[in-house]
Amino acid sequence: MEKIYEILKKYYGYDSFRSGQEGIIKNIISGRDVSAVMPTGAGKSICYQIPALYFDGITIVISPLISLMQDQVRTLISMGVRAAYLNSSLTPSQLSRATENAKTGMYKIIYAAPERLESPDFIDFACNANISILAVDEAHCISQWGHDFRPSYTHISDFIDKLPKRPVIAAFTATATGLVKRDIVNELHLRDPYTVTTGFDRENLFFGVYKPLDRMAFLMDYVAANENSSGIIYCGTRKTVDEISMILADNGYSALPYHAGMSDIDRTKNQEEFIYDKAKIIVATNAFGMGIDKPNVRYVLHYNMPKNIEDYYQQAGRAGRDGDPAECILLYSARDVKLNEYFIDKSAENENIDPGQLKKFIELEREKLKQMTFYSTSKTECLRKRILKYFGESFTPPCNKCSVCRKEYGSDFVSISLKRYKNEQLLIIDEALFDRLSAYRAKTALRLGIPAYSVFNDAVLRELSAVKPMTIPELLGIKGIGEAKMNRYGKDIVDIITAYENEADF
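Numbering (the working numbering), first residue to last: 30 to 535.
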């Protein structure tokens, strides 16, 4: 198993795994199916990517999220891994070319939308390829009782049955109740799966619930206090999204809207502006977020209360994926309960199920809304404890990172601007060098047409500006710099640091 550590270092630039990753990887490599629940930002992708690089065959990753596929493939290519995605964002000719390339064995990892599994061309490719792993991302989508049911996911097991050789099946999700976990195992026909829940707690996140007399005033004060930070503002309706994004823009903030009422072109454009750091704020309905892998989101603010804790925790989990402190703020109003009851009734009308199941569905959704309301109105029980208890985990308060534990009840309370810490090792950062490296990263990202974090994330830049490696071997000692990035950017980084240090000597 030493090879998995070699792969981790070579491609990802790390010497050790995060909690839960190694066990999952070893079980997949041994040929055992896996069902894993890991919180957003815990490193799910490494759990199937490393076995993919370990095996001789191809790994297919099923995902409903075009943005995630594009981001993952872009990141893999930057690491020196041949990868591709097959989804509706490609033109027919692009799709045909990518499928033909797949048939020749050009790609090691292929991301595919679940609908693609019903395509004759894709089935033909799959039945004639050596498929080692079928990874199912956002696996909760297979459960009718989950918070994001997708009918197309129910066809995955049919696709597997068509394959001449059954691959290892690995299912991953960030949020799942006990009922949904059982559905994942049953619907995907997992065989004696290695089942793991790595823990839902995100220690770097602060959770705050406030009931301001004037929500818009609170919002504007909060955004002003965090004007240099990247943030997501979630709203309950499209109309509210449009209103808030317009008000923010009128007040000089680079804020863009995102909701299902916009054209695909406009949504994609606004999402990319946000991911590429051209816009600081995205104002969105729940149509935005799942699969967004932007690591430097410093806050997620819910202007309206979501209808259940699963939705809330997944959306809030977009904050702080880089491990730095981030805030998850919810502005509560009793009117949001009525709004969500309306949405539950409307969604029930669209459910194609018999009356008995429909009644059960409505009861379950209303119970989830009740739990979300309890969370939003809690004045004595730690918010972190409430979230973790909902997902079946215990926690002993105080967490000292929630508004209840900090006794922040005032309706006019406005969170102070985020206090950034250097990092867990308390490295002494040379801010001038950090700025210079950031400028290089921005220029390089623009030239390559990729997000800045695909070059290096902030944690790498902080370590570079503290350690100041001036040779290639020293550079490889920086966490997050693997061989591919060292070969692509290493000389430039060493030259920048060397020039900076030489200037400092005068």
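Heads up, the beta-carbon is just placed ideally off N, CA and C, and yes, glycines get one too.
A residue is called buried when at least 16 other Cβ atoms come within 10 angstroms of its Cβ; PRO121 does not meet this threshold and is exposed.
Per DSSP, PRO241 has no beta-bridge partner at all.
Per DSSP, the unbroken beta strand (DSSP E) holding LEU330 starts and ends at 326-331.
Below 8 Å, enough C-beta pairs join the region 510-530 and the region 488-501 to call them touching: three or more. The DSSP-derived three-state label of ILE139 is strand.
Between ILE185 and the set SER148, LEU219, LYS418 and PRO143, the nearest pair of CA atoms involves PRO143.
Comparing alpha-carbon positions, the option among CYS357, LEU163, PHE178 and VAL312 lying closest to ASP190 turns out to be LEU163. For PHE390, the uninterrupted alpha helix (DSSP H) segment begins and ends at 384-405.
Remark: C-beta atoms of TYR332 and MET401 do not approach each other more closely than 8 Å. Contact between the region 286-297 and the region 353-365 is absent, with fewer than three C-beta pairs closer than 8 Å. Secondary structure note for PHE188: its alpha helix (DSSP H) is the uninterrupted segment 185-191.
DSSP places ILE310 within a strand segment (E or B) once states are collapsed to three. The alpha carbon of THR269 has as its nearest neighbour, out of SER125, GLU256 and ILE311, the alpha carbon of ILE311.
Under the three-state reduction of DSSP, GLU356 is assigned to strand. A contact is defined here as three or more CB-CB pairs under 8 Å, and the region 158-173 meets this definition with respect to the region 90-102.
A direct Cα-to-Cα measurement between PRO427 and ILE152 gives close to 53 Å.
Assignment of THR500 by DSSP, reduced to helix, strand and coil, places it in the coil class. Remark: three or more beta-carbon pairs, one from each stretch, lie closer than 8 Å, so the region 352-359 and the region 232-243 are flagged as touching. Bridge partners of ALA199 according to DSSP: VAL63 and ALA164. Taking 8 Å as the cut-off, the beta carbon of VAL489 is found no closer than this to the beta carbon of TYR518. The beta-bridge partner set that DSSP reports for GLY260 consists of ILE310 and TYR328. Contact annotation: ILE75 and GLN101 have beta-carbon atoms that are not nearer than 8 Å. Excluding five sequence positions before and after LEU192, the CB atoms of its chain that fall closer than 7 Å to its own CB belong to ALA155, CYS156 and ILE160, given in chain order. Distance between SER258 and VAL326, taken at the CA atoms: about 7 Å. In chain order, SER274, LEU277, ALA278, ILE310 and VAL312 place their CB closer than 6 Å to the CB of ALA284, counting only its own chain and leaving out the 5 sequence neighbours on each side.
By alpha-carbon distance to GLY290, the top candidate from PHE317, GLU370, GLY42 and ALA345 is PHE317. GLN344 places its beta carbon less than 8 Å from that of TYR263. Under the three-state reduction of DSSP output, CYS170 falls in the helix class.
Taking C-beta atoms as the reference points, ALA112 and ALA131 fail to come closer than 8 Å. Per DSSP, the unbroken beta strand (DSSP E) holding THR224 starts and ends at 223-226. Taken through DSSP and simplified to helix, strand or coil, ALA474 comes out as helix.
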